[in-house]
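Taking it in order: structure first as C-alpha cells, then the write-up.
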Amino acid sequence: MKLPRWRLFGAAYPVGGVEGARRDLVAGINLASMNVPQLLGYAHIAGMPLVAGLYTALLAPLGFALVGSSRHLVVAADSGTAAILAGSLSHMATPGSAHYASLAAMTALLTAVMLIVARLFKLGFLADFLSRTVLVGFLTGVGIQVAIAMLGDMLGIAASGHGAVSQLWQLVNGISHLSPATLGLSLLLVLALLGGKRLAPNAPIALGLVIATAGASWAWNFAAFGVATIGPVAGGLPPFGLSLPNWDEVLQLLPVAASCFVVIIAQSAATARAIAARYNEHLVEDDDILGLAIANGAAALSGAFVVNGSPTQTAMAERAGARSQLAQIAFAGCVFIVLLLLTAPLQFLPRCMLAAVIFTIAIGMIDLGTLRAMRGESPGEFKLAVTTACAVAIIGVEQGVLLAITLSLLRHVRQSYRPNTAVLQWQAEHGWIATPVTPGHESAPGLIFYRFGAVLFYANASRFADEILSLVNSAPDRVRWLVIEADAITNIDYTAARVVLSLLEELHRQEIGIFFARVSPSLHADLDRHGVTAALGKGKIFGSRHEALAAIGV
22 MKLPRWRLFG AAYPVGGVEG ARRDLVAGIN LASMNVPQLL GYAHIAGMPL
72 VAGLYTALLA PLGFALVGSS RHLVVAADSG TAAILAGSLS HMATPGSAHY
122 ASLAAMTALL TAVMLIVARL FKLGFLADFL SRTVLVGFLT GVGIQVAIAM
172 LGDMLGIAAS GHGAVSQLWQ LVNGISHLSP ATLGLSLLLV LALLGGKRLA
222 PNAPIALGLV IATAGASWAW NFAAFGVATI GPVAGGLPPF GLSLPNWDEV
272 LQLLPVAASC FVVIIAQSAA TARAIAARYN EHLVEDDDIL GLAIANGAAA
322 LSGAFVVNGS PTQTAMAERA GARSQLAQIA FAGCVFIVLL LLTAPLQFLP
372 RCMLAAVIFT IAIGMIDLGT LRAMRGESPG EFKLAVTTAC AVAIIGVEQG
422 VLLAITLSLL RHVRQSYRPN TAVLQWQAEH GWIATPVTPG HESAPGLIFY
472 RFGAVLFYAN ASRFADEILS LVNSAPDRVR WLVIEADAIT NIDYTAARVV
522 LSLLEELHRQ EIGIFFARVS PSLHADLDRH GVTAALGKGK IFGSRHEALA
572 AIGV
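Remember, our numbering sits 21 above the position in the sequence shown when you count from 1.
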C-alpha cells in the first residue's frame, strides 16, 4: 500500500520566520522548565526508573516532528498510557526492574507496529469510536487511580498493592506508621502547586519547587526527619537497543499494547483536532498516526516507554507560545542537557515532592465541570462517563478502556435499535407535529403518517413492522393510506428489506395504499436493489412530504 508523500519536519517550520523561530525556541525552553518534573512523575506512574520519563522526551518529539501534520501536539510520556502500563505490567514483573523495563519497551514497539498498520489501512477514523464522553470518564478514572496511588508517598506509608481499592486498604491499615513531617511537607507542596497554577499558570512553579526541596533536603538532611528521598537518578544518554522478552510474554503484552493504541489514537486525535480548529490549520490524521508510530518506535529503542500526544503538555506548550514543532525540538534539546548535566542533584529530591506533582496532575484530570454539564444535558452519557471512571479506578485502566468502548458502542446500537418514532398529525396553528406512537392514533381519518427515526437494519426492522401493524389494526377508521416519512432512513440492509416486503404484502391484502416520503437518493437505490420499489408499485416514492400527500389528495 502506497504511503502519501510528506516533507521531512513538515510541521516543524516556525510560523513567522526568524521571529517565529525565536518565539518557538523560547516556548520550548519554557515547556521544558515546566514539564521535566512531570516527566519524572509519569515515569513513576508507569513503574519505570525516573530517568525513563526524560528519555520519552528525547527522541519521541523528534520522531513525531519528522512526519506529523500537527504543529502543536506534544508527544512524550502521558498519564493515561503510563497508568495502563502500571496496571498491566506490574503483574508480570517487579516495577523498576530491568525485566519490567524490557516489557515496557516491547509494549511501545508493539504499539508502534499497531499504529503503522492503522496508518497503512487509513484507520484514523477509529478515533471517532472513543467519544468525548468515554474520554472524560477514562481520564477521570485515571486521575482517581493515580491520586490514590500517590497518597502512600505523601503520607510516608508503604502501599504497594495493585489497584485503588487494595492501596486504600493498605493506607488505612498503615495509618499508624504515618510520617508527620512527610504529611506536612506534602500539604505545603500541594497547596503551592495548586495556588501557583491558579495565580501564575505559565510559571515553572513545579520546577522551582523541585529545585528548592532538593536543595533543602541536601542542606538539612530530610531523611533524618523521616522524609524519604528518591535516591540516585541515572544520567547520560539512554541505552539504545531492545531486550526481547520471551514469546509468551509478547503475547501477554498484545492486549496492553492494544489498550495503549486505542487511547493514543483517540486522545492524540482529539487534542490535535481541537487545537488545529483553534488556529484554522490543516490536519492529516493519518500522517499524525505515522508520526506517533515513529515516536513509539524511537521510545522502545531508547530505554523509554509508550508515548502519546498529551493534552496537558500540548496545552502547556500553547500557553508558552509554541506555534510549530520547532518548540518540541527545543524541548527535546533541553531534556538532552538535563540528562547530561543535571540528574545528580535529583537524588536529594523528597519522594513526596514528586508524589505531590503527580497528585496535582491527577486531580486536574478529574473534569467535574464537564461531568456536571453532562448530567444536566445528557443523563445517559453522564452515567456512561461515571461507569467508565469507576471501572478504570476499581478494575484497572486496560479493562476500563475496553469496557468503556463496549458500553459506548452498545449505547449507540441501543439508540438505533429503539429510535424515536412518531405519528405525524396536522394542526392548523403549527402544521404537522410529531406525536407518540400509540395504538389508536391516526393522522387523519383513514390516514396514518408514520415517521421512523433511524437507519433500517436487521435489529430494528421487526419493531418498524410491528409498530405500523399495531397502528393500522387499532385505528378508529379503516386505514386507506399509509405514508412512511423516511428522511432518517438513509439505507436499508438485506434482512430489513425482507421484513419490509412481508409488511407490504400484509398491507396490500388490507387494500392499503403505501407511500414513502422524503426518500434520499441512497435509500431509493437500496429500495430499488432489494425489490421494495417494485413491490410498492409505480409512483409511490417521493422526495418530499408535500409530493406524497398530494398523491393521495391530502
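In this text, a Cβ means the ideal position worked out from N, Cα and C, and glycines have one as well.
Ala97 by DSSP, collapsed to three states: which one?
strand
Using 8 Å as the Cβ pair cut-off and three pairs as the minimum, do the stretch 62-75 and the stretch 267-285 touch?
no
Sort Thr381, Phe403 and Ile384 by Cα distance to Thr391 and report the nearest one.
Phe403
Span of the alpha helix (DSSP H), counted from its first residue to its last, around Ile310
Glu306 to Ala321
Could you pull out every unbroken alpha helix (DSSP H) segment of at least 4 residues lying fully inside the stretch 146-223, listed in chain order?
153-176, 185-194 and 201-220
Measuring alpha carbon to alpha carbon, tell me which residue in Gly560, Leu124 and Ala107 is nearest Asp269.
Leu124
If you draw a straight line from the C-alpha of Arg566 to the C-alpha of Trp502, how long is it?
14 Å
Looking at C-alpha atoms only, which residue of Val458, Ser152, Tyr479 and Ala475 is the closest neighbour of Ile469?
Val458
Rounded to a whole number of angstroms, what is the C-alpha to C-alpha distance between Leu528 and Ala104?
59 Å
Going by other Cβ atoms of all chains shown within 10 Å of its Cβ, with 16 needed for buried, is Leu389 buried or exposed?
exposed
Using 7 Å as the limit for Cβ to Cβ distance, is Leu431 near chain D?
The structure shown contains no chain D, having only a single protein chain.
Using CA atoms only, rank isn't needed, just tell me which of Ala78, Ala465, Ala365 and Leu525 is closest to Leu557.
Leu525
Between the stretch 252-260 and the stretch 172-182, can you find at least three pairs of beta-carbon atoms closer than 8 Å?
no
Mind the definition here: the stretch 354-367 touches the stretch 105-117 only if three or more C-beta pairs lie below 8 Å; say whether that holds.
no
Does DSSP put Thr250 in a helix, in a strand, or in coil?
strand
State the Cα-Cα distance for the pair Ile350 and Val157, rounded to the nearest angstrom.
30 Å
Could you say which of Phe478, Pro497 and Leu405 lies nearest to Gly162 if we only look at CA atoms?
Leu405
Can the beta-carbon of Ala9 be found closer than 7 Å to that of Ala314?
Outside the displayed span of the chain (22 to 575) sits residue 9, for which this structure offers no information.
Short of 7 Å in beta carbon distance, which residues of its chain neighbour Ala244, apart from the five on each side in sequence? Order them along the chain.
Thr250
Which of helix, strand or coil DSSP assigns to Thr442:
strand
Trp27 versus Val88 - alpha carbon distance
At Trp27 the pLDDT is 44, less than 50, meaning the model places this residue with poor confidence; the figure from the coordinates comes in the next sentence. Distance between the alpha carbons of Trp27 and Val88: 7 Å.
Is there contact between the stretch 441-451 and the stretch 182-199, where contact requires at least three CB pairs shorter than 8 Å?
no
Does Gly312 pass the burial test, meaning 16 or more other C-beta atoms within 10 Å, or should it be called exposed?
buried
Can you tell me the Cβ-Cβ gap for Asn56 and Gln334, rounded? I've got them flagged as a contact below 8 Å.
6 Å
I need the DSSP call for Ile562, collapsed to helix, strand or coil.
strand
Simplified DSSP assignment, three categories, for Ala569
helix
Pick from Asn242, Arg340, Ser152 and Arg344 that is closest to Gly38, judged by C-alpha positions
Arg344
Is Arg28 helix, strand or coil when you go by DSSP?
Only weak support is given to the placement of Arg28: the predicted model assigns it a pLDDT of 48, under 50, and the question is left unresolved by the model.
Span separating the alpha-carbon of Ser543 from that of Ala507:
12 Å
Could you spell out where the alpha helix (DSSP H) holding Phe4 opens and where it closes?
This structure cannot speak to residue 4, because the chain is shown only from 22 to 575.
Which value, in whole angstroms, describes the spacing of the CA atoms of Ile562 and Val96?
53 Å
Going by the beta-carbon positions, is the gap between Tyr76 and Ser323 smaller than 7 Å?
yes
Backbone secondary structure at Asn301 - three-state DSSP:
coil
Can you give me the Cβ contacts of Ala139 inside the same chain, cut-off strictly under 6 Å, excluding the 5 residues immediately before and after it?
Ile310
Could you round the C-beta distance between Leu192 and Leu172 to whole angstroms and report it? I think they count as a contact, below 8 Å.
6 Å
In three-state DSSP terms, what is Ala339?
The residue you asked about is not Ala; residue 339 is Glu in the sequence shown. In this structure, Glu339 counts as helix in the three-state DSSP scheme.
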